[in-house]
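In what follows, a structure is listed as structure tokens, so that the remarks can point back to it.
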Amino acid sequence: MTARTGSALGLFLLSLAFPALGADVPGSQDPAGVKRYTGSEIIGFRAAKFDEFVLPLGPPTEISPPKFAKSQKVDGLVSRYTYAAPAGRSPAELYRNYQLEFQRLGLTTLYQKGTADRGWFGPTLSQVSDEDQVGQILEYNEAQERVLVAKSKDAKPTYFYLFVTSYKDGVIPERLQSAVQKDIALAELIVIAPQAMETNMTLLNAAEMSKSIDDLGKVVLYGINFDLDKDTLRPDSEPTLKEIGKLMADNPRLSIHVVGHTDNQGKPDYNLDLSRRRAATVARELASKYGVAATRMDSFGCGPYAPAASNASEEERAKNRRVELVRW
């Protein structure tokens, strides 16, 4: 290593050594343990909340919703940070600093894309940009894009998705007019930390299920959960399944349709098939483990075609991911 190269690396490391003094978005803060590039400002932010996220492990194949040649869907506490670097700093410098920071944290690299690699990632972040109110500043400079995806070495890892570019074109929100100028280097950092979803939907007991069926002809259940993108029941579904078993035992003349529903993320045909498979899994589980005669049930999937709420946010999409028991 030459003296010049060593000095440059020293400057890279120094750049991440101290927090920025810029005007960050009110209420924002850096992700725990991750240093930002000196002088950077947080111009977009979403605090951590439970969500699903598709990590890119290959170039994009579709933009909306984003799909990639290879990917991994994860869930956990998802937080997002959009940084604007000081004027005069290049995307290459910003990206290299984060590479060194990821090394300092001992992260394992899952995927990286340089400017010479194929794939236009900016448009796949359009929904993130809309939700975090940063306009189109990340979307239209494919030539400067760099991507780094990594995870911690914990048994339940934390995932990091870094996207670096510079502003070339696209809508700049009025509040960012002074912070975002042509060629300003930008970084989007998305962190997915392990965390079980908080149960916000109250567990219904058998009597409450029976009353809902008597009043409405159906009961809506949010306590039946599946592994991501699969029809495999999670262990935390057991309390609800037990109550369904009791419902059926207490009401021997009751027969039900087990109906699966999904949100609108992904292709409709895929979600329709997934909802059918999940409903069938519930019916099989009730028959095999909870003593419900198979002749008293059938299963059906509606996919995204009968939403209970809009799909505009994760909270709304969570209301659409449900199982309903409909009187037969």
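Just so you know, we're using the working numbering here: the sequence shown kicks off at 5 and counts up by one. All residues carry an ideal CB built from backbone N, CA and C; glycine is no exception. Here the structure is a predicted model, which is why all the values come from computation and not from measurement.
Exercise for the section: Give a yes or no on whether the C-beta atoms belonging to glutamate 105 and valine 224 are separated by under 7 Å. Expected result: Taking the sequence shown and counting its residues from 1, one reaches residue 105 at position 101. Taking the sequence shown and counting its residues from 1, one reaches residue 224 at position 220. The answer is no: Cβ separation not under 7 Å.
Practice task
Keeping to the same chain, check which residues put their C-beta closer than 6 Å to that of tyrosine 102; ignore five residues upstream and five downstream.
Solution key: Start at 1 with the first residue of the sequence shown, and residue 102 comes out as number 98. Closer than 6 Å at the Cβ level, and outside the excluded window around tyrosine 102, lie Leu166.
Problem - Nearest neighbour of alanine 322, chosen from Ser156, Asp79, Pro177 and Lys117 [CA to CA] - result: Along the sequence shown, read from residue 1 onward, the residue named residue 322 stands at position 318. Measuring from the Cα of alanine 322, the nearest candidate turns out to be Asp79.
Practice task
Give the secondary structure of glycine 126 by DSSP, where H, G and I count as helix, E and B as strand, and everything else as coil.
Solution key: Position 122 of the sequence shown holds residue 126. In this structure, DSSP gives glycine 126 a helical state, which the three-state scheme calls helix.
Exercise for the section: Could you tell me the distance, in whole angstroms, from the CA atom of arginine 326 to the CA atom of leucine 278? Expected result: Mapped onto the sequence shown, residue 326 falls at position 322. Mapped onto the sequence shown, residue 278 falls at position 274. Spanning the two alpha carbons is a distance of roughly 12 Å.
Practice task
Name the two residues that bound the continuous alpha helix (DSSP H) containing isoleucine 217.
Solution key: Position 213 of the sequence shown holds residue 217. It spans 210 to 220 - the alpha helix (DSSP H) in which isoleucine 217 sits, taken as one unbroken run.
Handout entry: Supposed contact pair glutamate 143 and leucine 152 - C-beta distance, whole angstroms, cut 8 Å
Key = For the purposes of this step, residue 152 is identified with residue 148 of the sequence shown, where counting begins at 1. For the purposes of this step, residue 143 is identified with residue 139 of the sequence shown, where counting begins at 1. Contact doesn't hold; Cβ gap of about 18 Å is too wide.
Exercise for the section: Flag this pair as touching only if the segment 170 to 188 and the segment 153 to 162 have three or more C-beta atom pairs under 8 Å; answer yes or no. Expected result: Flag = no, the segment 170 to 188 and the segment 153 to 162 do not touch.
Practice task
On a CA-only basis, which of Ile228, Val29, Lys157 and Tyr226 is nearest alanine 197? Give me that one, please.
Solution key: Taking the first residue of the sequence shown as position 1, residue 197 is located at position 193. Comparing Cα positions, the closest option is Lys157.
Exercise for the section: In angstroms with no decimal places, state the Cα-to-Cα distance between aspartate 233 and alanine 91. Expected result: Residue mapping note: residue 233 aligns to position 229 of the sequence shown, counting from 1. Residue mapping note: residue 91 aligns to position 87 of the sequence shown, counting from 1. Approximately 42 Å, taken between the alpha carbons.
Practice task
Compare the beta carbon distance of asparagine 209 and aspartate 267 with 7 Å and say whether it is the shorter of the two.
Solution key: Here residue 209 refers to the residue found at position 205 of the sequence shown. Here residue 267 refers to the residue found at position 263 of the sequence shown. One thing to note: asparagine 209 has its Cβ no nearer than 7 Å to the Cβ of aspartate 267.
Problem - serine 170, DSSP secondary structure in three states - result: Walking along the sequence shown from the start, residue 170 turns up at place 166. If DSSP states are grouped into helix, strand and coil, serine 170 belongs with the strands.
Practice task
Determine the contact status of proline 70 and serine 170, defining contact as a CB-CB distance below 7 Å.
Solution key: Within the sequence shown, the letter at position 66 stands for residue 70. Within the sequence shown, the letter at position 166 stands for residue 170. No. Outside cutoff.
Problem - Option nearest leucine 98 by Cα separation, candidates Gly43, Lys222 and Leu245 - result: Here residue 98 refers to the residue found at position 94 when the sequence shown is read from its first residue. That would be Gly43, whose Cα lies nearest to the Cα of leucine 98.
Exercise for the section: Go ahead and pull the three-state DSSP assignment for arginine 238. Expected result: Stepping through the sequence shown from its first residue, residue 238 is reached at position 234. Arginine 238 falls in the coil class under three-state DSSP.
Handout entry: Nonlocal neighbours in the same chain, by C-beta distance under 8 Å from lysine 155, ignoring five residues either side
Key = For this step, residue 155 is matched to residue 151 along the sequence shown. Leu111, Thr112, Leu114, Pro161, Thr162, Tyr163 and Phe164, listed in sequence order.
Handout entry: Reference tryptophan 332; option with closest CA among Asp254, Ala310 and Asp218
Key = Position 328 of the sequence shown, counted from the start, is the residue given in the question as residue 332. Out of Asp254, Ala310 and Asp218, Asp218 has the C-alpha closest to the C-alpha of tryptophan 332.
Exercise for the section: Determine the closest residue to proline 256 out of Lys222, Ala297, Cys306 and Ala287, with distance taken between C-alpha atoms. Expected result: Taking the first residue of the sequence shown as position 1, residue 256 is located at position 252. With distances taken between Cα atoms, proline 256 lies closest to Ala297.
Exercise for the section: Report yes or no: do three or more beta-carbon pairs, one from the segment 28 to 37 and one from the segment 116 to 123, lie closer than 8 Å? Expected result: The segment 28 to 37 is not in contact with the segment 116 to 123.
Handout entry: Test item: CB-CB of serine 303 and alanine 284 under 7 Å
Key = Against the sequence shown, residue 303 aligns to sequence position 299. Against the sequence shown, residue 284 aligns to sequence position 280. For serine 303 and alanine 284, yes; Cβs fall inside 7 Å.
Practice task
Ignore the nearest five residues each way along the sequence and tell me which others in alanine 51's own chain have a CB closer than 7 Å to its CB.
Solution key: Here residue 51 is taken as the residue at index 47 of the sequence shown, counted from 1. Within the same chain, Ser83 come within 7 Å of alanine 51 by CB-CB distance, once the 5 residues on both sides are set aside.
Exercise for the section: Going by DSSP, name the residue or residues bridged to aspartate 273. Expected result: Locating residue 273 in the sequence shown gives position 269, where the first residue counts as 1. Checking the DSSP bridge columns, you'll see aspartate 273 has no partner listed.
Handout entry: First through last residue of the beta strand (DSSP E) which encompasses phenylalanine 54
Key = For the purposes of this step, residue 54 is identified with residue 50 of the sequence shown, where counting begins at 1. 45 to 60 is the extent of the beta strand (DSSP E) around phenylalanine 54.
Handout entry: Beta-bridge partners of isoleucine 194, as assigned by DSSP
Key = On the sequence shown, residue 194 is found 190 positions in, with the first residue counted as 1. Isoleucine 194 is bridged by DSSP to Arg84 and Tyr165.
Practice task
Please determine, among Ile260, Asp55, Ala73 and Arg40, the residue with the shortest C-alpha to C-alpha distance to glutamine 199.
Solution key: The residue labelled residue 199 in the question sits at position 195 within the sequence shown. It is Asp55.
Problem - Backbone secondary structure at isoleucine 260 - three-state DSSP - result: Walking along the sequence shown from the start, residue 260 turns up at place 256. Three-state result, isoleucine 260: strand.
Exercise for the section: Out of Pro127, Ser314, Leu193 and Glu135, state which residue places its alpha-carbon closest to the alpha-carbon of alanine 36. Expected result: Translated into positions along the sequence shown, residue 36 becomes position 32. Among Pro127, Ser314, Leu193 and Glu135, the Cα nearest to that of alanine 36 is on Leu193.
Handout entry: DSSP three-state assignment for aspartate 187, whether helix, strand or coil
Key = Looking up residue 187 in the sequence shown gives position 183. Collapsing the DSSP output to three states places aspartate 187 in coil.
Problem - phenylalanine 304, enclosing beta strand (DSSP E) - first and last residue - result: Position 300 of the sequence shown, counted from the first residue, corresponds to residue 304. It spans 301 to 307 - the beta strand (DSSP E) in which phenylalanine 304 sits, taken as one unbroken run.
Practice task
Could you check what DSSP says for proline 421 in three-state terms: helix, strand or coil?
Solution key: Residue 421 lies beyond the stretch modelled for the chain, which goes from 5 to 332, so this question has no answer here.
Practice task
Pull up the distance between the alpha-carbon of glycine 295 and that of glutamate 247, whole angstroms please.
Solution key: As a position in the sequence shown, residue 295 is number 291, starting the count at 1. As a position in the sequence shown, residue 247 is number 243, starting the count at 1. The alpha-carbon separation between glycine 295 and glutamate 247 amounts to approximately 12 Å.
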